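S.K.: Next up is a structure, given as structure tokens.
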Amino acid sequence: MIHQSLDKSVAKGWFVGPWNSAVPVPVGYANKGVNESHHHAQMFEIYLVARGTSTAVINQQIVHLQAGDMLVVEPGEMHTFSHSSDDYFHFVIQTPFIPGDKVQEDDKKQDADFPDKPDQDG
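Residue numbers (my numbering): 7 to 128.
Below is the structure:
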């Protein structure tokens, strides 16, 4: 069994993943929509909105999200969150997990998805 609690001091983070457990896919969260446009070459991101509202931008298409919604972002789709309500909260799952599979829009270079996890090869 693994039990983790939300770190309210950060806007987003990761509960669990292959870097700290046998769980094969990362499970993370965000307590606000973080405007950080990026895409993944091979990973899907699955967002589950638990509370509040947010505006996502996927390949320049605006998607309004509310509690109870699910959003699947496919590999290669540039995405970000532009606005969110004060009470916004979502879970995110990445699959298949591929370390370093994140390309920021502003500099088009690969960036680590999990800056606070232990270093990995890959």
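Built from N, CA and C at the ideal position, the CB exists for glycine as well.
All values derive from a computational prediction rather than experimental measurement.
Does DSSP classify E83 as helix, strand or coil?
M.R.: coil
S.K.: Determine the burial state of K108: buried for a count of at least 16 other Cβ atoms within 10 Å of its Cβ, exposed for fewer.
M.R.: K108 should be labelled buried.
S.K.: Would you call the CB atoms of Q48 and P81 closer than 8 angstroms?
M.R.: yes
S.K.: Return the chain-ordered list of same chain residues with a C-beta closer than 8 angstroms to the C-beta of H44, the five sequence neighbours on each side being excluded.
M.R.: M84, H85, T86, K108, V109, Q110, E111 and D117
S.K.: Since R57 and F95 should fall inside the 8 angstroms C-beta cutoff, what is the C-beta to C-beta distance between them, to a whole number of angstroms?
M.R.: 4 angstroms
S.K.: For the beta strand (DSSP E) that contains H70, what are its first and last residues?
M.R.: Q67 to Q72
S.K.: Determine the contact status of T61 and G39, defining contact as a CB-CB distance below 8 angstroms.
M.R.: yes
S.K.: For V78 versus F103, is the C-beta distance shorter than 8 angstroms?
M.R.: no
S.K.: If you count every other CB in all the chains shown that lies within 10 Å of the CB of N37, and 16 or more means buried, which is it?
M.R.: When all chains shown are included, N37 counts as buried.
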